[in-house]
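Written out below as C-alpha cells is the structure these notes cover.
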Amino acid sequence: MTTSDWGEWLVRAIEDAEPDGVAVWYFGCNGFALKGNEGTTVFIDPYLGTGSPPRTIRMIPVPFDPADVTEADAVLATHEHTDHVDGPSQAPILETTGATMYGPDDSLAVTREEGWTDEWGLADDQFEEVSEGDTFEIGEFTVNVEPANDADATHPVSYVIEHDAGTFFHGGDSKPAEEFERIGAEYDIDVGVLAFGTVGNVPDKQTGEPKRTRWYNDENQIVEAANALRLETLCPSHWDMWKGLTADPKALSHHTNSFEYPINLEIIEIGDRVDL
C-alpha cells in the first residue's frame, strides 16, 4: 500500500484545476499529469514507490496515494522500468477511474507478469499497446508515439502530446536520438521533458558491489537533445529521485547559452505546475 507524505492536496489541486489551456504537474522522478481546459487528464509515468533500498533509494516525498485519484482518462508508460511501470503506483488509478493504460509491448508485459488484472480487478481492454508512429486521441489531446534512445530499456518510446493550447514532449529516459532532429522539425514543441542526472555508484543487482552507473543525460547530452528537438522550454526531470544520481539542474543554464534551443530553461520541483 502506498502512503503519501503530502496527503491529498496535490491530487485535489489537479482535480479542482480549470486551466485556460493545458496545465502540467510534476510528480518527481519522471512522473507528470496533464490536464486540458475541457477536463481531460493524462498521467505519464507516475511512480510512487520508494525504490529498492539499498540499491535505489528515493530522495523525494511520495506526493500522493494513487487510490485518492478519482479523475483520469489515461496513463502513459514510456518504457518497462519499475519507476515507469509499477502496479502499486498505477493500477489503483486505473481501478478507480476506469482509465486506459497505453504503453509499448514490453511495458504492458510487466502488467501481465505482475498480474494487474487479477490483483486490482482491471479489464483487459484497459490496456492498449502502442508503438512508434502511432497517433491516437485521448479526449482533447492528440498523442503521437515517437522513438526514444534508452540503451537500458528493451523498448522505450517518447510521446508528443498536442493540444490547441500547445505541445508537450516527454522523452522518458531517452538520451539524444537520431530521430530527434525530425521530431523537432515536425512538431512545434512548447515544453519538453528530458531526464537529467549524474554518473553515480549504484550497487550491482547480482553482487551488491558499487558499480559506476549512468542512467540519464549529463549536461551536454540533455542540451544536445533539447536543441535537436527545438524545445521552446526545457524542463529537466529525474534529477531529484535516486540517491547517488541526483544533479543540480541550475547548472544547465551555462550549457544552454551556446545553443539556439532550448529558448527557456525552467527548473521544476516535485509538486510544481507549468502551464502551456
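Counting from 1, one number per residue, gives the positions in the sequence shown under the numbering used here. We treat Cβ as the ideally placed atom computed from N, Cα and C, and that holds for glycine.
- Within the DSSP bridge table, the entry for C235 names V193 as partners.
- Put simply, of A74, A99, G171 the residue whose alpha carbon is nearest the alpha carbon of N217 is G171.
- For T100, the secondary structure class from DSSP, reduced to helix, strand or coil, is strand.
- Short of 8 Å from the beta carbon of W6, and not among the five residues preceding or following it, lie these beta carbons of its own chain, in chain order: P61, V62, P63, F64, G271.
- With distances taken between CA atoms, C235 lies nearest to I222 out of E113, I222, P54, D204.
- Runs of beta strand (DSSP E) with 3 or more residues, each lying fully within the segment 209 to 264, are found at 210 to 213, 233 to 237, listed in chain order.
- The beta-bridge partner set that DSSP reports for P147 consists of V157.
- Residue environment for A251: exposed (fewer than 16 other C-beta atoms within 10 angstroms of its C-beta).
- In this structure, L245 sits away from V191, with a CB-CB distance that is not shorter than 8 Å.
- In its chain, beyond the 5 residues on either side, F196, G197, T198, W239 have a beta carbon closer than 7 Å to the beta carbon of A247.
- Per the coordinates, the alpha-carbon of I183 lies some 34 Å from the alpha-carbon of R12.
- For A74 against A99, the beta-carbon gap comes to about 5 Å, under 8 Å, which counts as contact.
- Per DSSP, reduced to three states, the secondary structure at V24 is strand.
- With respect to the 8 Å criterion, V202 and I138 are not classified as neighbours on the basis of their beta carbons.
- Listed in chain order, the non-local C-beta contacts of E140 below 8 Å within the same chain comprise G36, N37, E38, T40, H163, D164, local neighbours out to five positions each way being set aside.
- CA-CA distance, P147 to P92, rounds to 28 Å.
- A distance below 8 Å separates the beta carbons of G103 and A77.
- A straight-line Cα-Cα distance of about 13 Å links F180 and V145.
- Excluding five sequence positions before and after A17, the CB atoms of its chain that fall closer than 7 Å to its own CB belong to A23, K35, given in chain order.
- Exposure of W9 is indicated by the presence of fewer than 16 other C-beta atoms within 10 angstroms of its C-beta.
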